[in-house]
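S.K.: Numbering (my numbering), first residue to last: 2 to 114. Below is one structure. I have some questions about it.
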């Protein structure tokens, strides 16, 4: 099995996490059980740390070691586009009623209807 933890700052994107996990998945055995996790560390900026813990090497005793591979990952491009959605008007009475209903779980509200 393989345990992977990807740590980055608030600028870490899902694209970067997916790209790193794809590289690890491609390097691993097809039957490897891979568990991924991602963590945001506010103190980290402009870089990421990847920790990989792998097990199951006892099956590989006597086999040749795999060659080391190096990967170059281009930096992600961020595109800021304005949202076309309109914010809710807090003065709208229906929205206020819905906010009050949020104190009651959905399944109980549906039973009451």
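Every residue, glycine too, gets a C-beta built ideally from N, C-alpha and C.
What residue from 30, 45 and 49 has the CA that sits closest to residue 20's CA?
M.R.: If you number the chain shown from 1, residue 20 lands on position 19. For the residues 30, 45 and 49, the minimum Cα distance to residue 20 belongs to 49.
S.K.: Nearest by alpha-carbon distance to residue 6: which of 55, 113, 44 and 32 is it?
M.R.: Counting from 1 along the chain shown, the entry for residue 6 is found at position 5. Checking every option, the nearest Cα to that of residue 6 belongs to 55.
S.K.: Run the proximity test for residue 55: is its beta-carbon closer than 6 Å to any non-hydrogen atom belonging to the ligand COA?
M.R.: In the structure on display, the ligand COA does not appear, and there are no ligands present to speak of.
S.K.: Could you have a look at residue 33 and say whether DSSP puts it in helix, strand or coil?
M.R.: Here residue 33 refers to the residue found at position 32 when the chain shown is read from its first residue. In this structure, residue 33 counts as coil in the three-state DSSP scheme.
S.K.: Just to confirm my understanding: we take residue 36, look at its own chain, exclude 5 residues before and 5 after, and list those with CB closer than 6 Å. What are they?
M.R.: One-based indexing of the chain shown puts residue 36 at position 35. Contacts found: 4.
S.K.: Identify the continuous beta strand (DSSP E) that holds residue 105 and give its terminal residues.
M.R.: In the chain shown, counting from the first residue as 1, residue 105 sits at position 104. For residue 105, no beta strand (DSSP E) segment is defined, and its DSSP state is neither H nor E.
S.K.: In angstroms with no decimal places, state the Cα-to-Cα distance between residue 34 and residue 112.
M.R.: For the purposes of this step, residue 34 is identified with residue 33 of the chain shown, where counting begins at 1. For the purposes of this step, residue 112 is identified with residue 111 of the chain shown, where counting begins at 1. Each residue's alpha carbon lies about 42 Å from the other.
S.K.: For the beta strand (DSSP E) that residue 6 lies in, which residues bound it at each end?
M.R.: Walking along the chain shown from the start, residue 6 turns up at place 5. Taken as a continuous stretch (DSSP letters only), the beta strand (DSSP E) holding residue 6 covers 3–9.
S.K.: For residue 23, report the span of its alpha helix (DSSP H) as first-last.
M.R.: Indexing the chain shown from 1 puts residue 23 at position 22. Run containing residue 23: 15–28, per the alpha helix (DSSP H) assignment.
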